[in-house]
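There are 2 protein chains.
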Amino acid sequence: MRSKKEKLVSHLPDVAGNGLVDRRALLGRGMVFAGAAAAGVGSSLTGAAAEPLAVDPWSMEPGAPIPPYGVPAKYESKVVRTLTNPKSEPRTSQARTPHHLLDGTITPSGLHYEPSHSGVPDIDPEQHRLLIHGLVRQPLVFSLEDLSRYPRVSRIAFIECAGNSGALYTAQAQPLNVQAIHGLLSCSDWTGVKLSALLDEAGIDPRAKWVLAEGADASGMSRSFPLAKALDDAMVCLYQNGEQVRPSNGYPLRLLLPGFEGNMNVKWLRRLKLVDAPIMTKDETSKYTILLKEDKAWQFVFPIEVKSIITRPSPGLTLKGPGFYEISGLAWSGNGRIRQVEVSADGGQSFAPAVLQEPVLPKALTRFRAAWQWSGGPAVLQSRATDETGMVQPSRAQFVAERGLRGNFHYNAIASWRIDQAGEATNVFA
Amino acid sequence: MRSKKEKLVSHLPDVAGNGLVDRRALLGRGMVFAGAAAAGVGSSLTGAAAEPLAVDPWSMEPGAPIPPYGVPAKYESKVVRTLTNPKSEPRTSQARTPHHLLDGTITPSGLHYEPSHSGVPDIDPEQHRLLIHGLVRQPLVFSLEDLSRYPRVSRIAFIECAGNSGALYTAQAQPLNVQAIHGLLSCSDWTGVKLSALLDEAGIDPRAKWVLAEGADASGMSRSFPLAKALDDAMVCLYQNGEQVRPSNGYPLRLLLPGFEGNMNVKWLRRLKLVDAPIMTKDETSKYTILLKEDKAWQFVFPIEVKSIITRPSPGLTLKGPGFYEISGLAWSGNGRIRQVEVSADGGQSFAPAVLQEPVLPKALTRFRAAWQWSGGPAVLQSRATDETGMVQPSRAQFVAERGLRGNFHYNAIASWRIDQAGEATNVFA
Chain B
7 MRSKKEKLVS HLPDVAGNGL VDRRALLGRG MVFAGAAAAG VGSSLTGAAA
57 EPLAVDPWSM EPGAPIPPYG VPAKYESKVV RTLTNPKSEP RTSQARTPHH
107 LLDGTITPSG LHYEPSHSGV PDIDPEQHRL LIHGLVRQPL VFSLEDLSRY
157 PRVSRIAFIE CAGNSGALYT AQAQPLNVQA IHGLLSCSDW TGVKLSALLD
207 EAGIDPRAKW VLAEGADASG MSRSFPLAKA LDDAMVCLYQ NGEQVRPSNG
257 YPLRLLLPGF EGNMNVKWLR RLKLVDAPIM TKDETSKYTI LLKEDKAWQF
307 VFPIEVKSII TRPSPGLTLK GPGFYEISGL AWSGNGRIRQ VEVSADGGQS
357 FAPAVLQEPV LPKALTRFRA AWQWSGGPAV LQSRATDETG MVQPSRAQFV
407 AERGLRGNFH YNAIASWRID QAGEATNVFA
Chain W
7 MRSKKEKLVS HLPDVAGNGL VDRRALLGRG MVFAGAAAAG VGSSLTGAAA
57 EPLAVDPWSM EPGAPIPPYG VPAKYESKVV RTLTNPKSEP RTSQARTPHH
107 LLDGTITPSG LHYEPSHSGV PDIDPEQHRL LIHGLVRQPL VFSLEDLSRY
157 PRVSRIAFIE CAGNSGALYT AQAQPLNVQA IHGLLSCSDW TGVKLSALLD
207 EAGIDPRAKW VLAEGADASG MSRSFPLAKA LDDAMVCLYQ NGEQVRPSNG
257 YPLRLLLPGF EGNMNVKWLR RLKLVDAPIM TKDETSKYTI LLKEDKAWQF
307 VFPIEVKSII TRPSPGLTLK GPGFYEISGL AWSGNGRIRQ VEVSADGGQS
357 FAPAVLQEPV LPKALTRFRA AWQWSGGPAV LQSRATDETG MVQPSRAQFV
407 AERGLRGNFH YNAIASWRID QAGEATNVFA
């Protein structure tokens, strides 16, 4: 057998410093990658493998029944959300998505991130109602059966908590991984009714300029959002990834405001009130304001700014010796499509464009991939996203210069993983 | 309160017979739909609803903890696969997707359809190997860790069993629903390694023209497919809808041959052998041949032909009185993108184009929607898909004239649901 090190050879030119190689490597042509062992001595072109595969025990006996509702393999028990409040004590809870263990762009519904302010309510769908009232011609109450009669639309959309990556609002980098830092982010195929259709039926009073959305959880989570958003792409969602919205994601009804910060996508939706100005609810005044340097702040800045993270390599996923690695991650913007992601292996001194996985959809996670030949020496991996409006993810220095470190929300600076000579990745500020 | 019947009024013109109305109805503008009840007398434009919503018990107490891995709401316990062999007796098993209860285009992994020939093997991912051998320069064996080093791609793709809709190969229509007739069909976001990259590393002997794929289940499920497909879009998949492939869908490794009949997407993949001609395995000679009328048959016809089904309304989803309904369904083709879906409410006498949910992806399920104003009288609903190669789904009469009714596989004729005056839908041949 060839040793692994011998095989870790690139045949394609570098496109940026410290081993970033031509994207043709991602097609596999002209590259020798990584892992396979030769199947044995004496093998020949006639196809006789000298060392046939062992016949494993699971190939020699009938397998298990197919369950009515499938679950992950028992060997994947680590692929779960981390919980900040597993006993649901009377405070907020967060469940974080393990992006370092996932791939693709759809987040499995069972792993969708979730903050909640008072636990997951057990809502009887037969009893649940949605009220639309306030500055309307005719207040209306909808049962779920009523709503199921309306035309539906689907869209793949990310939701990101305003506080995602808030752990990077510190002077010193903490030893945290993707899930701990960036896990308040997920992406689903959402299906529901366009809010504009419901408002059209209720009849909008010309004085209406904002909408209050309220959840049926005990905290009565509520936020105000502009009527223009309601008439643009807002949806009242009944389905997530094909099936009914999961309990922790708002069953039986969730508001979707594509691209807006997570908490505004009100779960367990029970009430929408058309009003002439923001209501200044507890949830929009006590939190979710973007503090800037010194005495200033931004209030009611709703769209998530352009952002990206590298999910692999990342802390906990140790590199197994020098050679080829795919750098893979996620990029997104609340303002539309991702236009470009660039990747650096030398801490931002040089960047090369990554490949974007098609289809690139507006306000959805976009998977990017780049080809990297790790020399075995130290490296700092970064990704920098640009959206279709031309907004570019800022460096940490730029971000801190503008906003300082007092805040908790909307952190979107370029993030860095340092790779040491043992192949371990660490969160660093670079 | 207004009665429901009063509200079921369309303001848009018909576009085909028996109540199909303009697609603008799907935007909600100018339509009064269905369900909402006025919120009470005395309500006014100042927003004071005279009849406030009841405060439900789940809004008055803290909710449940967020689970590490979420599951559907307990109220949705009917949204499960139906099983033909729940005790895993020594014969084939089928689990069917409940498309009448789903929406969007992604199938939840727990509800992905599954046939198996000998149950679901319990494969230890540490022990599992993939062998590539036969007409190659260098046979190779891959562990999962080896494979995880290779570049990855993602794509949303449907898989449909060759025998899906086989229940329509009868002279009389059976009283079955979407799940029972068309449930061997699903769609996921698949991520893995391009098979071409692995073959490139093994080195393809010029004599190689076909590939044998073999599963690690006890039945040793195996099929031959053209090398051209391996070098085109074939993938060796590690991830399904973001997470590791589920056990009943091939954990830890599944072959994906986009657009090819389901069984060829070999689950629990353990071996790929490059050969100069089809192997004629038991699985490709005893089954999966398309019988035509009289003495002829098609062998090795792999791509799924253009097809569509209406999932709503459909049997079991009783219409609740005359008025607006969205007709919704799924269309797909193993040859590429769906170009058009047309819908009929009068048994095929007239058709109107449906709206296709973007993004329309090649070899993926495409959700279509049409607007229907049900008069309360009898109707026969049909959908007819056309793919980007120009192939049009045949009528049942055309299909039967060509293929007869001897077969089991690749049934793709236009399907019909009859709606009676009670709003019940029934499988009929029309």
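These protein sequences, in sequence, are chains B and W.
The first sequence begins at 7 in our numbering and counts up by one.
The second sequence begins at 7 in our numbering and counts up by one.
Each residue gets a CB set at the ideal place from its N, CA and C atoms; glycine is no exception.
If we ignore side chains and look at the alpha-carbon of each, how far apart do residue 269 of chain W and residue 311 of chain W end up?
15 angstroms
Presumed contact (8 angstroms Cβ cut-off) between residue 105 of chain W and residue 185 of chain W, rounded CB distance:
6 angstroms
Answer with buried or exposed for residue 92 of chain B, where buried requires no fewer than 16 other C-beta atoms within 10 angstroms of its C-beta.
exposed
CB-CB under 7 angstroms to residue 413 of chain B, same chain, minus the five flanking residues each way: which ones, in chain order?
175, 296, 297
Does DSSP put residue 51 of chain W in a helix, a strand or coil?
A caution first: residue 51 of chain W carries a pLDDT of 33, below 50, which makes its placement in the model unreliable, though a value can still be read off. Looking at residue 51 of chain W - three-state DSSP - the assignment turns out to be coil, as it is neither helix nor strand.
Does the structure place the stretch 148-164 of chain B close enough to the stretch 196-207 of chain B that three or more beta carbon pairs sit under 8 angstroms?
yes
When the cut-off is 9 angstroms and only beta carbons count, does residue 144 of chain W lie next to chain B?
yes
Taking CB distances under 9 angstroms as the criterion, tell me whether residue 28 of chain W reaches chain B.
no
Give the residues from the stretch 173-195 of chain W that approach chain B closer than 7 angstroms (Cβ to any Cβ), ordered along the chain.
195
Quick test of your reading: residue 129 of chain B and residue 245 of chain B, contact by CB under 8 angstroms. State the CB separation rounded to the nearest angstrom.
Not confirmed; about 16 angstroms, so no contact.
Whole angstroms are fine: how far does the CA of residue 387 of chain W sit from the CA of residue 424 of chain W?
6 angstroms
Cβ of residue 87 of chain W within 9 angstroms of any chain B Cβ
yes
Using a 10 Å radius around the Cβ and a threshold of 16 neighbouring Cβ atoms, would you call residue 84 of chain W buried or exposed?
exposed
Where residue 27 of chain B sits in the DSSP three-state scheme
strand
Residue 242 of chain W at chain B interface by Cβ criterion, 9 angstroms:
no
Proximity winner among B:155, B:150, B:235, B:192, relative to residue 170 of chain B (alpha-carbon distances):
B:192
So the candidates are W:433, W:320, W:314; which of them puts its Cα closest to the Cα of residue 393 of chain W?
W:314
Roughly how far, in whole angstroms, is the beta-carbon of residue 389 of chain B from the beta-carbon of residue 344 of chain B, given that I think they are within contact range, below 8 angstroms?
Residue 389 of chain B to residue 344 of chain B, Cβ: 11 angstroms. No contact.
Please confirm if residue 169 of chain W has its CB atom under 9 angstroms from at least one CB of chain B.
no
How would you label residue 302 of chain B, buried or exposed, when you count the other beta carbons within 10 angstroms and need 16 or more for buried?
exposed
Proximal chain B residues relative to residue 93 of chain W, where beta-carbon distance stays under 9 angstroms
71
With DSSP run on the structure shown, which of helix, strand or coil describes residue 90 of chain B?
coil
Considering only heavy atoms of the ligand SAM, does any lie closer than 8 angstroms to the CB of residue 376 of chain B?
Only the bare structure without any ligand can be found here, which leaves the ligand SAM out of the picture.
Does any CB atom of chain B fall closer than 9 angstroms to the CB of residue 352 of chain W?
no
For residue 405 of chain B, I'd like the list of residues in its chain whose CB is within less than 6 angstroms of its CB, leaving aside the five on either flank, ordered along the chain.
419
According to DSSP, is residue 385 of chain B part of a helix, a strand, or is it coil?
strand
Alpha helix (DSSP H) runs contained entirely in the stretch 92-154 of chain B, provided each spans 4 or more residues
150-153
Is residue 405 of chain B helix, strand or coil by DSSP?
helix
Could you check which residue in W:331, W:382, W:110 has the C-alpha nearest to that of residue 195 of chain B?
W:110
When you compare only the Cα positions, how much space is there between residue 206 of chain W and residue 361 of chain B?
21 angstroms
Which residue wins for smallest C-alpha separation from residue 146 of chain W, given the options B:44, B:434, B:403?
B:44
Here's the rule: buried if 16 or more other CB atoms are within 10 angstroms of the residue's CB, otherwise exposed. What is residue 61 of chain W?
exposed
Chain B contacts from the stretch 106-118 of chain W (Cβ-Cβ distance under 9 angstroms):
107, 108, 109, 110, 111, 112, 113, 114, 115, 116, 117, 118
Opening and closing residue of the beta strand (DSSP E) in which residue 337 of chain B lies
329-338
Between the stretch 245-277 of chain W and chain B, which residues of the former have a C-beta closer than 9 angstroms to a C-beta of the latter?
245, 246, 247, 248, 249, 250, 251, 252, 253, 254, 255, 257, 258, 274, 276, 277
Inter-residue Cα distance where the pair is residue 337 of chain B and residue 374 of chain B
7 angstroms
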